[in-house]
Amino acid sequence: MNKKRTLSLLLAAFSIGAFAQETAEADIQIKPVIKMSFLDSVKSGFVRHEEMRCIDSLWMKELANNDLFEDMQEDIERLNPDDDVTFDLSTELLQQRLKEMDAKSPFNIEYSKGLENIIKSYLKNRPKGFERLMAISQYYFPMFEEHLAKYDVPIEIKYLAVIESALNPRAKSRVGATGLWQFMYPTGKQYNLEVNSYVDERCDPLKATEAACQYLSSLYNIFGDWDLVLASYNAGPGNVTKAIRRSNGHKNYWNIRKNLPRETQGYVPAFLATMYIYEYGKEHGIKPRQASMTYFETDTVMVKRKMSFRQVADLLDVPVEELQFLNPIYKLDVIPFVADEPHYLRLPKDKVGLFTSNETAIYAYVDYEDLKRERPYFVDEGDKEALATIGKTTKVKTKYHTVKRGDVLGKIADKYNVSITDLRKWNKIKGNTIYAGQKLKINETIIVNIPQETAVAAKPKKAAKPEVKKEAEPEVAEATSDEETAVAVADADTEEAEEVKPVVVAKETKRSKSVNYEEERLYIVQKGDSLFSIARKHPGVTVENLKDWNKLKGENIQPGMKLKVKSAIN
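All the letters of the sequence shown, read from the start, carry residue numbers 1 to 570 under full-length UniProt numbering.
Listed below in structure tokens is the structure:
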């Protein structure tokens, strides 16, 4: 009986062990092999520094607001200083506080019934709006104050940007005034603010603030009175001069106010009312939230390739919306590259360190992305029919996204790999406001390849040869940490080449395994060149070839250097 029991226990133990072994083997067999994408392989080799927090999405949305600008513009146009407003603020207390402000300011801050009415209107109707404005001010005001002090312009002028743009660097008025300081195109040009298809420097906080200080200083040289400077900033110096003449030579703003344009009649009172609320906001229960970052916690890096915000976001893990806020100067979310005109990318300081420590890998990825861009074919008239059978065709597939609580346009754009501009256009959205439950249209472009056999059979005789060079792999592999990552890069690059088979793979198969070279010549290194970009310009030449021919140990080259380059013989 005991023997049978012992035998049963042994059999049970053996069965359990065998089952456990089979389960473990099964687990090992079904474990998925995850291939690294080319982007992941680049990022895996990055030299990283201690991470700072990025601007959170709610604060980002607040900084990029447009409704505050619209409200501020509406108030200036609509408010009439002569309309009485009821609010719990005694005239005596207000007079006392205005007198204290006047003692510390070069502006003529004197009590008037009109100023009292505008202050009460703001306190009654816009307390939440001013809480938001005060929070955003923490980001910009330190930078404003630095420039205003440089030009000996009163520090209080910083409040001018509040009523001009509600501190939105991309604010644009109905007449085309743009940026934090609302420069018109001619005035911006007068102060060297460039505007072209890619760039609008009126939206650059630093350059626009510098220009505003120069402009305000020139106006003060004309009028010698900061109240009249404010009026002329809004209405133009000519209108202020006319108002002085029509007022029998009086030069106090309040004495000429009735002869100024209607909007300007409420402009200076709005400025002084804004100054009062910033000075005494706490006494009226206005408590702004703390800014998560100031302008001085960001820095710039000069770019050496044309790159998009999307590429920067993917490489540095910075939301596209944050890049848009930090770099409002770039109209198309693209940083251009022009050899003689430096262009800068503004980032949080920790991300600047990440960028500069990994520039070689970053530019290699940008070059790799550029190689995937379709190039034009140039063929003879007789080859047009054959060329028509080569290439790709596209289909647009429409899907819908149901907005959930907490969704913002940037988050949705990231999810579907589309731009915020396209989302707005597809759904006829003017600003950034979306609602929970709202259905957003997403148009997805699908690329359909023509079969490789068809492409090879119909190859044109004199077509240009767009090529994907495999030299990109070694350069990125050097930045990776181990052999597995380098293999992952090669796998990722192979997958990308397969996606463009009609254009690339059919031509790659014609290359022989050994390459002969002749016709040695000299290449003069240009600004922005790298060994990788030079190799790409010479078919059949690799980075290693360039190193061997020129006895280079590393990859550092300088503009003006002469490099030996040999032509490949097929």
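Every residue gets a Cβ at the ideal spot worked out from N, C-alpha and C, and that includes glycine.
Values in this document were obtained by computation on a predicted structure and should not be read as measured data.
Using only the alpha-carbon positions, how far apart do residue i and residue j sit?
{"i": "residue 105", "j": "residue 145", "result": "15 Å"}
{"i": "residue 575", "j": "residue 251", "result": "Absent from the structure is residue 575, since the part of the chain shown begins at 1 and ends at 570."}
{"i": "residue 402", "j": "residue 418", "result": "16 Å"}
{"i": "residue 279", "j": "residue 232", "result": "25 Å"}
{"i": "residue 424", "j": "residue 352", "result": "30 Å"}
{"i": "residue 228", "j": "residue 262", "result": "15 Å"}
{"i": "residue 216", "j": "residue 344", "result": "27 Å"}
{"i": "residue 120", "j": "residue 245", "result": "32 Å"}
{"i": "residue 91", "j": "residue 82", "result": "15 Å"}
{"i": "residue 103", "j": "residue 441", "result": "58 Å"}
{"i": "residue 151", "j": "residue 354", "result": "35 Å"}
{"i": "residue 156", "j": "residue 372", "result": "52 Å"}
{"i": "residue 170", "j": "residue 193", "result": "15 Å"}
{"i": "residue 369", "j": "residue 271", "result": "49 Å"}
{"i": "residue 600", "j": "residue 197", "result": "One cannot answer for residue 600 here, as it falls past the ends of the chain, which runs 1 to 570."}
{"i": "residue 114", "j": "residue 254", "result": "10 Å"}
{"i": "residue 349", "j": "residue 356", "result": "11 Å"}
{"i": "residue 109", "j": "residue 265", "result": "16 Å"}
{"i": "residue 242", "j": "residue 125", "result": "34 Å"}
{"i": "residue 179", "j": "residue 172", "result": "7 Å"}
{"i": "residue 399", "j": "residue 374", "result": "26 Å"}
{"i": "residue 212", "j": "residue 289", "result": "28 Å"}
{"i": "residue 214", "j": "residue 187", "result": "11 Å"}
{"i": "residue 240", "j": "residue 430", "result": "35 Å"}
{"i": "residue 458", "j": "residue 535", "result": "Note on residue 458: pLDDT 41, under 50, position unreliable in the model; the coordinate value appears next. Those two C-alpha atoms are separated by around 29 Å."}
{"i": "residue 520", "j": "residue 529", "result": "20 Å"}
{"i": "residue 318", "j": "residue 99", "result": "47 Å"}
{"i": "residue 551", "j": "residue 544", "result": "10 Å"}
{"i": "residue 367", "j": "residue 74", "result": "47 Å"}
{"i": "residue 296", "j": "residue 566", "result": "49 Å"}
{"i": "residue 376", "j": "residue 182", "result": "42 Å"}
{"i": "residue 122", "j": "residue 359", "result": "49 Å"}
{"i": "residue 97", "j": "residue 158", "result": "20 Å"}
{"i": "residue 127", "j": "residue 112", "result": "22 Å"}
{"i": "residue 483", "j": "residue 200", "result": "Low local confidence applies: a pLDDT of 37 at residue 483 is under 50, so the model's placement there is unreliable, with the coordinate-based value given in what follows. Residue 483 and residue 200: Cα-Cα distance of roughly 45 Å."}
Across which residues does DSSP place residue i in a beta bridge pair?
{"i": "residue 307", "result": "335"}
{"i": "residue 442", "result": "399"}
{"i": "residue 300", "result": "346"}
{"i": "residue 424", "result": "Its beta-bridge partners do not exist; DSSP assigns none."}
{"i": "residue 341", "result": "338"}
{"i": "residue 195", "result": "200"}
{"i": "residue 209", "result": "Answer by DSSP bridge pairing: none, since residue 209 is not bridged."}
{"i": "residue 172", "result": "178"}
{"i": "residue 111", "result": "The partner list for residue 111 (beta bridge, DSSP) is empty, contrary to what the question assumes."}
{"i": "residue 183", "result": "178"}
{"i": "residue 562", "result": "524"}
{"i": "residue 330", "result": "199"}
Who are the Cβ neighbours of residue i in its own chain at under 8 Å, not counting the five residues just before and after it?
{"i": "residue 175", "result": "184"}
{"i": "residue 154", "result": "105, 106, 107, 148, 226"}
{"i": "residue 189", "result": "195"}
Using a Cβ-Cβ cut-off of 7 Å (strictly less than) and excluding sequence neighbours within five positions of residue i, which residues of its own chain qualify?
{"i": "residue 78", "result": "none"}
{"i": "residue 166", "result": "68, 69, 72, 133"}
{"i": "residue 412", "result": "401, 423, 440"}
Please work out which residues of its chain come closer than 6 Å, Cβ to Cβ, to residue i, disregarding the five sequence neighbours upstream and downstream, and give them in chain order.
{"i": "residue 555", "result": "531"}
{"i": "residue 363", "result": "305"}
{"i": "residue 549", "result": "564"}
{"i": "residue 177", "result": "184"}
{"i": "residue 498", "result": "Any reading at residue 498 needs caution, since the residue's pLDDT is 36, under 50, leaving its predicted position unreliable; the model's value is listed next. Taken in chain order, the list of residues that qualify is empty."}
{"i": "residue 574", "result": "Since the displayed the chain opens at 1 and closes at 570, residue 574 lies outside it and no answer follows."}
{"i": "residue 594", "result": "Only positions 1 to 570 of the chain appear in the structure, and residue 594 is not among them; the question remains open."}
Throw me the rounded Cβ distance for the residue i and residue j pair, which I believe falls under 8 Å.
{"i": "residue 410", "j": "residue 321", "result": "4 Å"}
{"i": "residue 522", "j": "residue 546", "result": "So it is not a contact: roughly 12 Å between Cβ atoms."}
{"i": "residue 247", "j": "residue 259", "result": "5 Å"}
{"i": "residue 267", "j": "residue 76", "result": "6 Å"}
{"i": "residue 298", "j": "residue 347", "result": "6 Å"}
{"i": "residue 397", "j": "residue 436", "result": "With a Cβ gap of about 25 Å, residue 397 and residue 436 do not count as contacting."}
{"i": "residue 256", "j": "residue 130", "result": "With a Cβ gap of about 29 Å, residue 256 and residue 130 do not count as contacting."}
{"i": "residue 69", "j": "residue 221", "result": "Residue 69 to residue 221, Cβ: 30 Å. No contact."}
{"i": "residue 94", "j": "residue 116", "result": "6 Å"}
{"i": "residue 209", "j": "residue 143", "result": "7 Å"}
{"i": "residue 537", "j": "residue 559", "result": "The pair is not a contact, with the Cβ atoms about 15 Å apart (cut-off 8 Å)."}
{"i": "residue 323", "j": "residue 312", "result": "6 Å"}
{"i": "residue 39", "j": "residue 314", "result": "6 Å"}
Could you tell me whether the Cβ of residue i comes closer than 8 Å to any Cβ of chain C?
{"i": "residue 397", "result": "In the displayed structure, chain C is absent; only one protein chain is listed."}
Practice prompt. Would you be able to state if there are at least three C-beta pairs under 8 Å between the region 325-337 and the region 296-309?
Written response: yes
Practice prompt. Check whether the region 155-174 touches the region 134-144, counting contact only when three or more Cβ pairs, one atom from each stretch, lie closer than 8 Å.
Written response: yes
Worksheet item: Do the region 323-330 and the region 197-209 touch if we need at least three Cβ pairs shorter than 8 Å?
Response: yes
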